[in-house]
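Q: Below: one structure in structure tokens.
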Amino acid sequence: MSVEEAIEKGDFRQALTSLEHETSASEVEPSRLLMRFNIEVRLQRFDAAQATMRRLVMAAPEVAAPMSAFAAAAHAEELATRRRHDPACAGRGAALGLPPPHLLALAKAWACHANGNAHEAKAALAEAATLTPATSGTITRVGGGTQRFSAISDSDELTGATLPVYDGAKLLDLPFSELSSIAFLAPKTSFDVMWSAADIEMVDGTRLRGRIPSFYAGTGVADDGSVRTGQVTTWQHDRGYAEALGQRDWSVTLAEGGHTMVGILGVQRIDFDNARRAPRYAGMAVQASVHEPPASGMLSKQALPKAPGWGLPVAALGAFAGVAVFLYLGLLGGRAGRETVLGLLAVMVIAGIPGVIAGLQTIARKRVGLGIATIAIATAGILVGIGGVVIENLYRQSQREQYSSPPSTTYDEEGRTRAPRAPSEGNVEGRAAPKADITGADTTVAGDAIASVPIGTSPVRGPNTAKVTIVIFSDFECLYCQRVQPTLERIRNEYGDRVRFVWKDAPLPTHTRAEPAAQLARDVRAQKGDNAFWRAHDLLLQNQKALTDEDLKSYALELGANPNEAMAAVADHEHKAGIEADLKLFEALEVKGTPTFFINGRRLAGAQPFDKFKQMIDREEAAAIAAMSVGNLTAEAYYENLVAKGSTRAR
151 MSVEEAIEKG DFRQALTSLE HETSASEVEP SRLLMRFNIE VRLQRFDAAQ
201 ATMRRLVMAA PEVAAPMSAF AAAAHAEELA TRRRHDPACA GRGAALGLPP
251 PHLLALAKAW ACHANGNAHE AKAALAEAAT LTPATSGTIT RVGGGTQRFS
301 AISDSDELTG ATLPVYDGAK LLDLPFSELS SIAFLAPKTS FDVMWSAADI
351 EMVDGTRLRG RIPSFYAGTG VADDGSVRTG QVTTWQHDRG YAEALGQRDW
401 SVTLAEGGHT MVGILGVQRI DFDNARRAPR YAGMAVQASV HEPPASGMLS
451 KQALPKAPGW GLPVAALGAF AGVAVFLYLG LLGGRAGRET VLGLLAVMVI
501 AGIPGVIAGL QTIARKRVGL GIATIAIATA GILVGIGGVV IENLYRQSQR
551 EQYSSPPSTT YDEEGRTRAP RAPSEGNVEG RAAPKADITG ADTTVAGDAI
601 ASVPIGTSPV RGPNTAKVTI VIFSDFECLY CQRVQPTLER IRNEYGDRVR
651 FVWKDAPLPT HTRAEPAAQL ARDVRAQKGD NAFWRAHDLL LQNQKALTDE
701 DLKSYALELG ANPNEAMAAV ADHEHKAGIE ADLKLFEALE VKGTPTFFIN
751 GRRLAGAQPF DKFKQMIDRE EAAAIAAMSV GNLTAEAYYE NLVAKGSTRA
801 R
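The opening position of the sequence shown corresponds to residue 151 in this note's numbering, with each subsequent residue numbered one higher.
This is the structure:
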């Protein structure tokens, strides 16, 4: 039976066995890898699916962009699957804006269900049903036929009157009562059938393009082949409520009376009659954890200042803070505090905005003099704050120009010379070890001297029998650290257990979210081990533009860690000592920036091509084999002896 025949019959395990055999060779058709990824996701083998996707991108880099969207959807699918069974993930979700009461009740039901408490889950579902507002509208089917409905809900009671949406790697739960319309895009691939692409509009005007899972979590491992392929939907009621498998079905109450089931793959669009309204937060689409309060610092229209009493003090405080900061920047010019001061400037500007609003409200209440004074002081604070930022930027630029080092030629005692290097962007204020993102354009990227780079307690990817150890100094916000990942993945694929990787944190001071990301990855490791750290590593580098605290918390949840513990570690800088130890080694080795690699102690700087790595790896592997055979050493002992004799300033 061919792979295609097995898939058509829903025999996904047989299809995967055949595909694993087909794709075991080093050279493989990318389309077969994509098919393997699809089947692995259906069988809930999510780690294997992500590994297959990495192989696919290595084999066909030109499709990396669309493939990253599928990889992200697989992350969201894993979260949706785990939320049904894993208490650590249950009871949590994400919504756009403030979640309504029935969604909070549903979250309670998810938690009870995952913890095996069917009685309380059933009670929470009954509460959610009571709180759910009736939502009417029109369904347009594929082919053009329409049906009016007076109520709609998912036939899976744990989903209820919500729409699960994959927004990249995030799982959103959007209440039907908050939707204006859903417009499904015509499917172009099998993935568009498995994860239906749709344009979604909320009642507050927020628009989102996401993917709606067409099949319920667990469908791919159902007992019945027709259920696994989504041709049939079944429901289990043994816990007292309906749990669905197969194609997603909506339970629809028709406007003219009666009831029907509508499969998602037969729907072209749904238009809801929900009344339009302004956003719950003034001008903001807020993503908040389902049973957690909205993020602090966001003002709803109802929360705007109702009296001028606090506006004047806030505005005055902002103005005086701005003046103090201005004087600090202009007179002292200190570097250490300026990073903090920039943050204070932003806070001061934000504080001035409600001050202006308070002044306008004061004028509206006929207290014109006080209102004008409030607005004047708040405006002055805002302008001073903005001026301080401009001055700081000009100051930094002048420092770069003043302290840039001229190119120089280096030599050693044997008369060997090295060509002049272009001055580094980070070579500011006379620092010995400037830090920057390394593009790989520098011609002196590799060194022959062996550096003393101990592994210590750092995360390791690969066995201790590997004869080549690659130590990576990297930064989760560094662009070139991300760009070199396909090369490192190719090394893993081609060398297998012959090479191991060691991670060292080197968050650059200009990358404000690199240190929090490093804290998160370290705490995920502390909770779940090295494998979870490397999953976090991959996820953070894939999502460099989404490293806010809220993003980090969602990643912790995806990775199976306790998100509250992880974010507490981020806030408290719990792993500061480990990160600073890596940075101390970074400085001692006079590393110029990230990424920098030490291959059996020999330096390779920048996002270099695969051939550069291969040349050094092959050389070091041959040297290791020779030395180990003579000295009767293990690979681990060989590396330790090698770097023990190295210099902390090898170049």
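Virtual Cβ for every residue (Gly too), placed ideally from N, Cα, C.
These numbers come from a predicted model, not from an experiment.
#1: Which ranges would you report for the alpha helix (DSSP H) in the segment 674-702 if only whole runs of at least 4 residues count?
#2: Check whether the segment 671-685 and the segment 711-719 are in contact - that is, three or more C-beta pairs closer than 8 Å.
#3: Are there 16 or more other CB atoms within 10 angstroms of the CB of Met151, so buried, or fewer, so exposed?
#4: Give the DSSP-derived three-state secondary structure of Glu151 in the structure shown.
#5: Taking just the CA atoms, how far does Thr339 sit from Ser608?
#6: Examine the Cβ distances between the segment 659-675 and the segment 712-727 and report whether three or more of them are shorter than 8 Å.
#7: On the DSSP bridge assignment, give the partners of Ser346 in chain order.
#8: Using DSSP with H/G/I as helix, E/B as strand and the rest coil, what is Pro745?
#9: Quick one: what does DSSP say Gly287 is sitting in, helix, strand or coil?
#10: With a cut-off of 8 Å on the beta carbons, I'd call Gly266 and Asp317 a contact; round off their distance for me.
#11: Are the Cβ atoms of Pro325 and Leu246 separated by less than 7 Å?
#12: Just grab the DSSP bridge partners of Arg298 for me.
#13: Could you give the DSSP three-state label for His225: helix, strand or coil?
#14: Ignore the nearest five residues each way along the sequence and tell me which others in Gln381's own chain have a CB closer than 8 Å to its CB.
#15: Report the partner residues of Trp385 according to the DSSP bridge assignment.
#16: Got a sec, what are the start and stop residues for the alpha helix (DSSP H) Gly355 sits in?
#17: If we require 3 or more residues per run, which beta strand (DSSP E) segments fall completely within the segment 742-781?
#18: Which class does Arg419 belong to by DSSP, given the choice of helix, strand or coil?
#19: Looking at Phe220 and Phe341, is the spacing between their C-beta atoms short of 7 Å?
#20: Rounded to whole angstroms, what's the CA-CA distance from Ile189 to Ile536? Just pull it up for me.
#21: Reducing DSSP to helix, strand and coil, say where Ser624 ends up.
#22: Quick one: grab the DSSP three-state call for Val178.
#23: Return the CA-CA distance between Ala273 and Ala259, expressed in angstroms with no decimal places.
#24: Can you grab the Cα-Cα spacing for the pair Lys320 / Leu792, in whole Å?
#25: Taking His269 as part of the alpha helix (DSSP H), name the residues at either end of that continuous run.
#26: If the criterion is Cβ atoms closer than 7 Å, does the pair Phe162 and Leu193 meet it?
#27: Assuming contact is defined by CB atoms lying nearer than 7 Å, are Thr296 and Thr285 in contact in what I supplied?
A: Quick look at the numbers:
#1: Here the runs fully enclosed are 680-692.
#2: A contact exists between the segment 671-685 and the segment 711-719.
#3: Taking the first residue of the sequence shown as 1, we reach residue 151 at position 1. It is exposed - the Cβ of Met151 has fewer than 16 other Cβ atoms within 10 Å.
#4: Position 1 of the sequence shown, counting from 1, holds the residue named residue 151. Reading the sequence as shown, one finds Met at residue 151 and not Glu. DSSP places Met151 outside both helix and strand once states are collapsed to three, so it counts as coil.
#5: To locate residue 608, count along the sequence shown from 1; it is residue 458. To locate residue 339, count along the sequence shown from 1; it is residue 189. When rounded, the distance between both Cα atoms is 42 Å.
#6: These segments touch.
#7: Residue mapping note: residue 346 aligns to position 196 of the sequence shown, counting from 1. Ile362, per the DSSP bridge assignment.
#8: On the sequence shown, position 595 is the one that residue 745 refers to. Judged by DSSP in its simplified three-state form, Pro745 adopts coil rather than helix or strand.
#9: By 1-based counting over the sequence shown, the position of residue 287 is 137. DSSP places Gly287 in the strand class (E or B) of the three-state scheme.
#10: Locating residue 266 in the sequence shown gives position 116, counting from the first residue. Locating residue 317 in the sequence shown gives position 167, counting from the first residue. Actually they do not touch by this definition, with Cβ atoms about 30 Å apart.
#11: To locate residue 325, count along the sequence shown from 1; it is residue 175. To locate residue 246, count along the sequence shown from 1; it is residue 96. Their beta carbons are not under 7 Å apart, which means Pro325 does not touch Leu246 by this criterion.
#12: Along the sequence shown, read from residue 1 onward, the residue named residue 298 stands at position 148. DSSP lists Thr288 as partners of Arg298.
#13: Residue numbering aside, residue 225 sits at position 75 when the sequence shown is read from its first letter. If DSSP states are grouped into helix, strand and coil, His225 belongs with the helices.
#14: What you label residue 381 is simply residue 231 of the sequence shown in a count that begins at 1. Correct list, in chain order: Gly396, Gln397.
#15: On the sequence shown, residue 385 is found 235 positions in, with the first residue counted as 1. Within the DSSP secondary-structure output, Trp385 pairs in a beta bridge with Ala394.
#16: Counting from 1 along the sequence shown, the entry for residue 355 is found at position 205. It is not in any alpha helix (DSSP H) - Gly355 carries neither H nor E in the DSSP assignment.
#17: Correct list: 746-749, 752-755.
#18: Here residue 419 corresponds to residue number 269 of the sequence shown, with the count starting at 1. The answer is strand: DSSP assigns Arg419 an E or B state.
#19: Here residue 341 is taken as the residue at index 191 of the sequence shown, counted from 1. Here residue 220 is taken as the residue at index 70 of the sequence shown, counted from 1. The answer is yes: Cβ separation under 7 Å.
#20: If you number the sequence shown from 1, residue 189 lands on position 39. If you number the sequence shown from 1, residue 536 lands on position 386. Those two C-alpha atoms are separated by around 54 Å.
#21: In the sequence shown, counting from the first residue as 1, residue 624 sits at position 474. Strand.
#22: For the purposes of this step, residue 178 is taken as the residue at position 28 of the sequence shown. Coil.
#23: Within the sequence shown, numbered from 1, the residue matching residue 273 stands at position 123. Within the sequence shown, numbered from 1, the residue matching residue 259 stands at position 109. Straight-line spacing of the CA atoms in Ala273 and Ala259 works out to 8 Å.
#24: As a working note, residue 320 is residue 170 in the sequence shown. As a working note, residue 792 is residue 642 in the sequence shown. Roughly 45 Å separates the two Cα atoms.
#25: Here the question's residue 269 lines up with position 119 in the sequence shown. Note, His269: alpha helix (DSSP H), 268-281.
#26: As a first step, residue 162 must be located in the sequence shown, where it is residue number 12. As a first step, residue 193 must be located in the sequence shown, where it is residue number 43. Result yes, Cβ atoms of Phe162 and Leu193 sit closer than 7 Å.
#27: Here residue 296 refers to the residue found at position 146 of the sequence shown. Here residue 285 refers to the residue found at position 135 of the sequence shown. For Thr296 and Thr285, no; Cβs fall outside 7 Å.
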